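Take a look at the structure set out below.
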Amino acid sequence: MLRWRCALNNCKQIRIFALLLLVISSQWTFAASPEAKYSRDGMVTSRSELASKAGIEILKSGGNAIDAAVATGFALAVTYPSAGNIGGGGFAVIRLADGNVVTLDHREKAPASAHKDMYLDAEGNVIKGESRNTHKAAGVPGSVDGLLTMLEKYGSKSRKEVMAPAIRLAKKGFVLNRDLTRQFNNVAQRMTAYPGSMETFTNKGEKYQIGDIFVQKHLGKTLETISRRGRDGFYAGPVADLIVAEMKRGNGEITHKDLQDYQSVWRAPVKGSYRGYDIWGMSAPSSGGALIVQMLNMFEPFDVKAMGWGSSEVIHLMLEGERRAYADRAEHLGDPDFYEVPMAMLTSKDYAKMRFSDFEKEKASDSNAIGAGSWPAESPQTTHFSVADGDGNLVSLTTTINSSYGNKIVVQGAGFLLNNEMDDFSLKENTRNQFDLIGRSANAIAPGKRMLSSMSPTIVTKDGKPVLVTGSPGGSTIITTVLQVVMNVIDHEMNISDAVSLPRFHHQWLPDRVFYDEYGISPDTKKALEVMGHKDLKVVPWGRGIGDANSILVKDGEISGIHDPRNEGGAVGL
Ligand code: GLY
Numbered sequence: 029m030l031r032w033r034c035a036l037n038n039c040k041q042i043r044i045f046a047l048l049l050l051v052i053s054s055q056w057t058f059a060a061s062p063e064a065k066y067s068r069d070g071m072v073t074s075r076s077e078l079a080s081k082a083g084i085e086i087l088k089s090g091g092n093a094i095d096a097a098v099a100t101g102f103a104l105a106v107t108y109p110s111a112g113n114i115g116g117g118g119f120a121v122i123r124l125a126d127g128n129v130v131t132l133d134h135r136e137k138a139p140a141s142a143h144k145d146m147y148l149d150a151e152g153n154v155i156k157g158e159s160r161n162t163h164k165a166a167g168v169p170g171s172v173d174g175l176l177t178m179l180e181k182y183g184s185k186s187r188k189e190v191m192a193p194a195i196r197l198a199k200k201g202f203v204l205n206r207d208l209t210r211q212f213n214n215v216a217q218r219m220t221a222y223p224g225s226m227e228t229f230t231n232k233g234e235k236y237q238i239g240d241i242f243v244q245k246h247l248g249k250t251l252e253t254i255s256r257r258g259r260d261g262f263y264a265g266p267v268a269d270l271i272v273a274e275m276k277r278g279n280g281e282i283t284h285k286d287l288q289d290y291q292s293v294w295r296a297p298v299k300g301s302y303r304g305y306d307i308w309g310m311s312a313p314s315s316g317g318a319l320i321v322q323m324l325n326m327f328e329p330f331d332v333k334a335m336g337w338g339s340s341e342v343i344h345l346m347l348e349g350e351r352r353a354y355a356d357r358a359e360h361l362g363d364p365d366f367y368e369v370p371m372a373m374l375t376s377k378d379y380a381k382m383r384f385s386d387f388e389k390e391k392a393s394d395s396n397a398i399g400a401g402s403w404p405a406e407s408p409q410t411t412h413f414s415v416a417d418g419d420g421n422l423v424s425l426t427t428t429i430n431s432s433y434g435n436k437i438v439v440q441g442a443g444f445l446l447n448n449e450m451d452d453f454s455l456k457e458n459t460r461n462q463f464d465l466i467g468r469s470a471n472a473i474a475p476g477k478r479m480l481s482s483m484s485p486t487i488v489t490k491d492g493k494p495v496l497v498t499g500s501p502g503g504s505t506i507i508t509t510v511l512q513v514v515m516n517v518i519d520h521e522m523n524i525s526d527a528v529s530l531p532r533f534h535h536q537w538l539p540d541r542v543f544y545d546e547y548g549i550s551p552d553t554k555k556a557l558e559v560m561g562h563k564d565l566k567v568v569p570w571g572r573g574i575g576d577a578n579s580i581l582v583k584d585g586e587i588s589g590i591h592d593p594r595n596e597g598g599a600v601g602l
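Numbering (our numbering), first residue to last: 29 to 602.
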């Protein structure tokens, strides 16, 4: 604290001056949000500082953002096992230095034996837990194919080079922090039936302690096999044998043929525009890109900046857009290889205008009265990381095994967790999944089909130049998290730290309720929203709040990165 020496008679003036100085300077120097990291040459931000450092190691050695993303992706499988994964899948939106944007779908697929009613009992009711906590909950993993496909097409480094940090972290181990120690000790209680899981997440049957060295020798061997043999190191050979053996132990469905048949797909990005910025998102089977563009289209005619961040007026506007967009998600979105997704309609400005034409400035609508939209008669535990290099290559990658620690089953001898992504399918028309999302025929289970996702890796550019790389985990809240980061940057002109750190809110049509981050909606704003008719406003009942948007902003040649302060993580600059 400041200590002032002063003569008795002028002490008061000096104190007043000091106080004034403090008040004025606090406006400029003390923000509620943590300080971002800055660089001109490159940035990686992820849920694990060790994984971000793995990416930076590759950038330092001359690799590009794609090389760094692949290194970070494999490292997350080691340092953030609850969601970072090789037993799951994801989506990547990549902006290349030449300005082209490409997207890679490496979402899991239903095994060939899957069928529409596979999680229903004889009476047609969903069998509780079957699509989440069993071997049968696992879809065919896509992460390894996805990361290697990205590397082959746009990377500049060898597989051996980019996988070296992950292999080192698995084999030599790393010091367990409080976050991971607590996670392991909690989740182990739900893994007692699975020897591979207990071997991984307990210290020879005992609880891990903060500061223990966490070594994963089986995972290290699996990663070495992939590094040596490429995709055949996972989808064929000894690792595939271990996956299939694990399936046999628990009546799982994945066969050698399912593994061999898996292929990631390059898809056209969803492209939208918002107030002169270009928005690049992931197309179906993710619902993220479509819904974000649709909602931005709905909000564009409104002066969001003038309404003011956090005002009841702007929250009302956005909740009403979310309500309508999520209703469309339930009806219209699924795997485009199996279902004709009306993407052009969902992302068109005319459709958004029509869909939002019943918006009332001072009245909330009723979710039960809001069906899915259509053109007039004539006519979806995850983790996200962002990477930028100094040449303008950007990677936005969200990856998941669905629930935290997936189906809780580590493939014995191979050291990685399996996903429970099958729960993202619509198991039965209008029945809620773990995120309370409902779905219909567009997202019904079929062999080889990809389940609908909410993952929304997003890149924003302006006049062909990089602006924002963002995305988030959070199931159904992914889409609204990314929407708010984008609008905080574009509408409210925030720096990356404020744009990511400030509280968020979420509505998903059904159930008709509003979740918000603690302190995110003031008591009088809440009252104003209730008067308008918004129902069931409550603080999110889980963890550290809504989303985990590890993001990067590029402005005037400066790259700023932040890991979402809601959780552990690390933004590391080059
Ligand atoms: N598993 C969550 C999602 O893909 O939306």
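Where a beta carbon is used, it is the ideal one built from N, C-alpha and C, also for glycine.
For clarity, every value in this text was computed on a predicted model and none was experimentally measured.
Secondary structure of Asp363, DSSP reduced to three states:
Judged by DSSP in its simplified three-state form, Asp363 adopts coil rather than helix or strand.
Considering only heavy atoms of the ligand GLY, does any lie closer than 6 Å to the CB of Thr283?
Short note on Thr283: C-beta not closer than 6 Å to any heavy atom of the ligand GLY.
Can you give me the C-alpha to C-alpha distance between Pro404 and Ile429, rounded to a whole angstrom?
Model confidence at Pro404 stands at a pLDDT of 45, short of 50, so the residue's coordinates are unreliable and nothing is read from them.
Could you check whether the Cβ of Asp452 sits closer than 6 Å to any heavy atom belonging to the ligand GLY?
Taking 6 Å as the cut-off, the C-beta of Asp452 counts as close to a heavy atom of the ligand GLY.
Distance between Leu581 and Glu521 (C-alpha atoms, nearest Å)
When rounded, the separation of the alpha-carbon atoms in Glu521 and Leu581 is 12 Å.
Shortest alpha-carbon distance to Ala296 belongs to which of Ser454, Val130, Lys477, Pro169?
Distance from the Cα of Ala296 is smallest, within the candidate group Ser454, Val130, Lys477, Pro169, for Val130.
Using only the heavy atoms of the ligand GLY, determine whether one of them is closer than 6 Å to the beta carbon of Met483.
Result yes, Cβ under 6 Å from the ligand GLY.
Does the region 533-543 touch the region 110-118, meaning 3 or more C-beta pairs lie closer than 8 Å?
No, the region 110-118 is not in contact with the region 533-543.
Any contact between the region 68-75 and the region 577-591? By contact I mean 3 or more CB pairs, one from each, below 8 Å.
Enough Cβ pairs lie closer than 8 Å, so yes.
If you draw a straight line from the C-alpha of Lys181 to the C-alpha of Gly476, how long is it?
Their backbone Cα atoms lie some 24 Å apart in a straight line.
So His412 is in the alpha helix (DSSP H); what residue range does that whole segment cover?
Segment 410-417 is the beta strand (DSSP E) holding His412; no alpha helix (DSSP H) there.
Assign His143 to buried or exposed, taking buried as 16 or more other Cβ atoms, counted over all protein chains shown, within 10 Å of its Cβ.
Answer is exposed; the Cβ neighbour count stays below 16.
What three-state label does DSSP hand Leu251 in the structure shown?
Reduced to three states, the DSSP call for Leu251 is helix.
Check whether the Cβ atoms of Gln237 and Ala198 lie closer than 7 Å to each other.
Not in contact: Gln237 and Ala198 (Cβ atoms no closer than 7 Å).
To the nearest whole angstrom, what separates the beta carbons of Ala392 and Gly561, a pair I think is in contact under 8 Å?
At roughly 4 Å, the Cβ-Cβ gap stays under 8 Å, so Ala392 and Gly561 are in contact.
So what does DSSP say about Lys144, is it helix, strand or coil?
In this structure, Lys144 counts as coil in the three-state DSSP scheme.
Run of the alpha helix (DSSP H) containing Phe384, from where it starts to where it stops:
Here Phe384 belongs to no alpha helix (DSSP H), and DSSP marks it neither H nor E.
Quick check on Asp592: buried or exposed, where buried means 16 or more other Cβ atoms within 10 Å of its Cβ?
Classification of Asp592: buried, given that the 10 Å Cβ count is 16 or more.
Close Cβ partners of Leu47 (< 6 Å) along its chain, the five nearest in sequence each way excluded:
Unreliable placement is indicated for Leu47, whose pLDDT of 41 sits below 50; the coordinate value is still reported in the next sentence. None.
Gly118 in three-state terms, based on DSSP
If DSSP states are grouped into helix, strand and coil, Gly118 belongs with the strands.
Three Cβ pairs or more, each shorter than 8 Å: is that satisfied between the region 472-489 and the region 453-464?
Enough Cβ pairs lie closer than 8 Å, so yes.
Considering only heavy atoms of the ligand GLY, does any lie closer than 6 Å to the CB of Asn430?
Indeed, a heavy atom of the ligand GLY lies less than 6 Å from the Cβ.
Sub-7 Å separation of Ala221 and Asn435 beta-carbons:
For Ala221 and Asn435, no; Cβs fall outside 7 Å.
Which value, in whole angstroms, describes the spacing of the CA atoms of Ile549 and Asn213?
Distance between the alpha carbons of Ile549 and Asn213 is about 34 Å.
According to the neighbour-count rule (16 or more other Cβ atoms, all chains shown, within 10 Å of its Cβ), is Ser80 buried or exposed?
Residue burial annotation: Ser80 is buried, with at least 16 other C-beta atoms found within 10 angstroms of its C-beta.
Taking the C-alpha atoms as reference points, what is the distance between Val517 and Thr498?
Whole-angstrom Cα-Cα distance: 11 Å.
In this structure, how does DSSP classify Lys456 when only helix, strand and coil are distinguished?
In this structure, Lys456 counts as coil in the three-state DSSP scheme.
Okay, do the region 119-135 and the region 438-446 touch, 3+ Cβ pairs below 8 Å being the bar?
Here the region 119-135 does not lie against the region 438-446, with fewer than 3 beta-carbon pairs under 8 Å apart.
On the DSSP letters alone, give me the boundaries of the beta strand (DSSP E) that Lys566 sits inside.
Note, Lys566: beta strand (DSSP E), 565-567.
So is the beta-carbon of Gly503 under 6 Å away from any non-hydrogen atom of the ligand GLY?
If you check the C-beta of Gly503 against the ligand GLY, you find a heavy atom less than 6 Å away.
Alpha-carbon to alpha-carbon, Asn461 and Ile473
The alpha-carbon atoms of Ile473 and Asn461 are separated by roughly 13 Å.
Mind checking who Asp306 pairs with in its DSSP beta bridge?
For Asp306, the pairing in a beta bridge is given by DSSP as Ser301, Thr489.
At what residues does the alpha helix (DSSP H) containing Thr553 begin and finish?
Annotation for Thr553: the continuous alpha helix (DSSP H) segment containing it runs 551-560.
Does the count of Cβ pairs from the region 324-341 and the region 486-505 closer than 8 Å reach three?
The region 324-341, when compared against the region 486-505, does not touch it at the 8 Å Cβ threshold.
Hey, is His562's beta-carbon within less than 7 Å of any beta-carbon in chain B?
Here chain B cannot be found, since the structure has a single protein chain.
Helix, strand or coil: how does DSSP classify Leu581 here?
In the structure shown, Leu581 falls within a strand segment according to DSSP collapsed to helix, strand and coil.
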